[in-house]
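Numbering (our numbering), first residue to last: 380 to 678. Beta carbons are placed, not taken as given, at the ideal position from N, Cα and C, and that holds for glycine.
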Amino acid sequence: MKNIAWALIVALLASGLSGCIGPPIELTAQTEQRLRAQPPIRFLLTFDDGPSASSLWNPSDEVLDALAQNPVQPGIKAVFFVQTRGPRAGGSEIGRSIMRREHQEGHVLGFHTATHWHTNHRFLDPDELEQSLDNGEGDIAAVTGAPPSLVRPPFWSYDKRTFAAYQRHGMHILLTDLSANDGKVWGITLSPRRRMNLTRQLSEVRERIADGQLPVVDGVIPVVVTFHDLNRYTARHTREYLEILLDSARLTGLKTDAKPFYDDQRMLERAAMARTVRDTSQPVHLPGLWDWLWDSDSH
């Protein structure tokens with residue numbers, strides 16, 4: 380109950396602040412000049428909290444359909460951070476079948492959690508955390524043939540203890556540059572300011588790109604974007620979100636690659652690994668409210 384209450388508080392705060400989204404940071408001539416020296420960007424799509432166990436219009440299936448067939452770039456590959464033991468996620472037969480589909484279609488399965496609920500790993504005692512990591516490794520390896528190399532902690536929250544546990548299991552934390560703020564919240568699925576939100580966030584990322592802070596991998600700069608495939612609104616609007624990301628790049632003055640999204644699993648994995656957190660002293664940038672909420676945890 381504590382986790383659910385805290386998640387609802389965060390959701391209400393985010394919902395309240397969503398009306399205060401500012402305009403994009405102005406593109407100055409100096410920034411525009413520095414961007415010319417940088418390679419193009421490519422969006423690295425990630426999805427949290429799935430797979431859905433719904434037998435009626437499954438949102439995870441709909442997301443997969445949209446990535447495979449869309450007017451922007453058919454065959455997009457993404458990283459899915461899965462809940463392998465959640466009864467409404469990977470702990471169901473439907474959820475496991477979707478995980479198999481994700482792998483078969485060339486997507487990457489990363490670890491989110493293997494607890495019954497979407498539990499903050501920092502609230503688990505050492506034995507519980509170890510058991511969750513062991514279970515998650517086994518569950519994903521049963522699908523892909525190998526344990527996961529990527530992890531996204533629930534609520535982005537980690538500390539030195541959980542970071543060390545991930546490292547012992549060969550898992551590397553991947554955070555995000557952009558967030559659609561579409562987390563699975565009961566009764567709230569709409570995102571009426573999604574375009575303004577993503578454009579504002581991307582303008583902030585652009586400043587870091589101009590400063591040379593983001594790595595170049597295979598000739599492009601990977602920009603990590605986070606959605607939630609349990610969210611039915613996101614599932615219905617996945618194709619629109621692809622268009623919004625491209626529009627946001629144009630509006631903020633960022634060049635996108637000829638292939639603006641990843642469509643090759645190995646290149647996707649290399650890009651994701653290059654964007655992982657190396658140690659707990661590394662400065663962390665999360666979009667919007669999350670940066671403020673979890674800054675103390677990340678350091």
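When you compare each of the options to residue i by their alpha carbons, which one comes out closest?
i	options	result
residue 661	549, 554, 483 and 493	554
residue 461	574, 439 and 584	439
residue 446	627, 523, 657 and 641	641
residue 488	511, 518 and 618	518
residue 452	618, 575 and 464	618
residue 463	431, 592, 593 and 535	431
residue 426	442, 412 and 414	442
residue 522	483, 535, 591 and 558	483
residue 666	657, 534 and 465	534
residue 658	402, 542, 415 and 429	542
residue 402	656, 572, 434 and 540	572
residue 614	433, 412 and 655	433
residue 492	435, 643 and 429	429
residue 639	424, 407, 406 and 409	424
residue 525	505, 540, 504 and 490	490
residue 454	437, 481 and 436	481
With the cut-off set at 7 Å, would you say residue i and residue j are in Cβ contact?
i	j	result
residue 600	residue 477	no
residue 621	residue 449	yes
residue 404	residue 627	no
residue 556	residue 607	no
residue 585	residue 630	no
residue 594	residue 651	no
residue 624	residue 422	yes
residue 589	residue 413	yes
residue 456	residue 485	yes
residue 596	residue 649	yes
residue 656	residue 552	yes
Cα separation between residue i and residue j?
i	j	result
residue 343	residue 636	With the chain represented from 380 up to 678, any question about residue 343 goes unanswered, as that position is not in the structure.
residue 537	residue 502	10 Å
residue 604	residue 458	10 Å
residue 565	residue 417	Confidence is the limiting factor: at residue 565 the pLDDT is only 48, short of 50, which leaves the residue's position unreliable and the question unanswerable from this model.
residue 513	residue 479	19 Å
residue 516	residue 580	33 Å
residue 466	residue 494	10 Å
residue 496	residue 544	20 Å
residue 609	residue 643	24 Å
residue 444	residue 616	12 Å
residue 406	residue 578	12 Å
residue 408	residue 576	23 Å
residue 677	residue 539	Bear in mind that a pLDDT of 46 at residue 677, under 50, signals an unreliable position, so the number given afterwards is only what the model happens to contain. Taking the straight line from one Cα to the other gives about 8 Å.
residue 598	residue 504	42 Å
residue 411	residue 558	24 Å
residue 435	residue 591	46 Å
residue 574	residue 520	37 Å
residue 587	residue 645	26 Å
Could you please give the first and the last residue of the uninterrupted alpha helix (DSSP H) stretch that includes residue i?
i	result
residue 442	438-447
residue 655	Per DSSP, residue 655 belongs to no alpha helix (DSSP H) and is neither H nor E.
residue 559	Per DSSP, residue 559 belongs to no alpha helix (DSSP H) and is neither H nor E.
residue 513	505-523
Terminal residues of the continuous beta strand (DSSP E) containing residue i?
i	result
residue 459	458-462
residue 491	487-492
residue 637	635-640
residue 588	Counting along the chain, residue 588 falls outside any beta strand (DSSP E), though it belongs to the alpha helix (DSSP H) covering 573-589.
Residue i CB to nearest chain D CB: under 7 Å?
i	result
residue 581	The structure shown contains no chain D; it is built from a single protein chain.
Using 8 Å as the Cβ pair cut-off and three pairs as the minimum, do the region 468-477 and the region 525-532 touch? no
If you pair each beta-carbon of the region 537-555 with each one of the region 497-514, do three or more pairs fall below 8 Å? By the C-beta criterion, the region 537-555 is judged to be in contact with the region 497-514, since at least 3 inter-stretch pairs fall below 8 Å.
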